[in-house]
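Colleague: Quick one: the structure is below, and I'll ask about it shortly.
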Amino acid sequence: MRPSQREETLDAALRVVNEQGADITFESVSKAAGMTKAGLMYHFATKEQLMTALVEHVIARWKAEMAAELGRPVEDSTPRERVQAFLQFAVGGGAEMADFVVFAESIRNPVIAKPWLEYLRTWFDFDTESDVDLLVPWLAANGAWIVEATGVVALTPEQRSHLIATLQTLIEGRSA
């Protein structure tokens, strides 16, 4: 499968997840991707392989979006800068139901969860002593992402701006 077709197939799978949740089937994904079930199964022999590829696909998008927010390589950034970038990403409109469903489904399977958890730990492996006060804005941003991704709350642009400003104040207060 050429890289662009793989991306298109995984995007189609995410659309299916967004419409019907994690109980995707090879039939539903192949139909959404415009390919045969056999063609899909040639590249993803099991649902676990497909879900792992979906997790990696979402991670790749998150990496790109979060790196753009950060404006520098992760390894050259501080925990504070990473939380600020995540705040902009999560509260600024990065919440998608399919991402949440893929994340939630992956937690049930350690093999699928591993790449997701490794990625998140590269960004948010807080030192319990010096970075603990970053947890409040980070957890609040995560909560905002979850309630938006699940449809519990649809933040208005004004609410988004206010929440970002409030959490940014907490982050900046930490450095004072």
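FYI, in the numbering used here the residues of the sequence shown are 59 to 234. Glycine is no exception: its CB is placed at the ideal position from the N, C-alpha and C atoms.
Nearest to A126 by alpha carbon, out of A111, F147, L193?
Modeller: F147
Colleague: What whole-angstrom Cβ distance do V160 and L193 have, given they're in contact under 8 Å?
Modeller: Not confirmed; about 24 Å, so no contact.
Colleague: Can you list, in chain order, the residues of its chain with a C-beta nearer than 8 Å to that of E139? Leave out the 5 residues immediately preceding and following it.
Modeller: L128, R130
Colleague: Do P195 and L145 count as a contact pair if the criterion is CB distance below 8 Å?
Modeller: yes
Colleague: What's the C-alpha gap between E123 and M99?
Modeller: 30 Å
Colleague: I need the straight-line Cα distance from W181 to L175, nearest angstrom please.
Modeller: 10 Å
Colleague: Please name the residue in T136, V75, M109, V87 whose C-alpha comes closest to that of D185.
Modeller: T136
Colleague: If you run the structure through DSSP and keep just helix, strand and coil, what is A80?
Modeller: Coil.
Colleague: Starting from F161, trace the alpha helix (DSSP H) in both directions and tell me its first and last residue.
Modeller: For F161, the enclosing alpha helix (DSSP H) begins and ends at 155–165.
Colleague: Hey, how far is the Cα of L225 from the Cα of K121?
Modeller: One C-alpha to the other measures close to 22 Å.
Colleague: Less than 8 Å separating the beta-carbons of L108 and V87?
Modeller: yes
Colleague: Note down, in chain order, each residue of its chain lying with its Cβ closer than 7 Å to the Cβ of D157, except the 5 sequence neighbours on either side.
Modeller: V116, A207
Colleague: Could you give the residue range of the alpha helix (DSSP H) that holds R130?
Modeller: R130 -> no alpha helix (DSSP H), and no H or E assigned at all.
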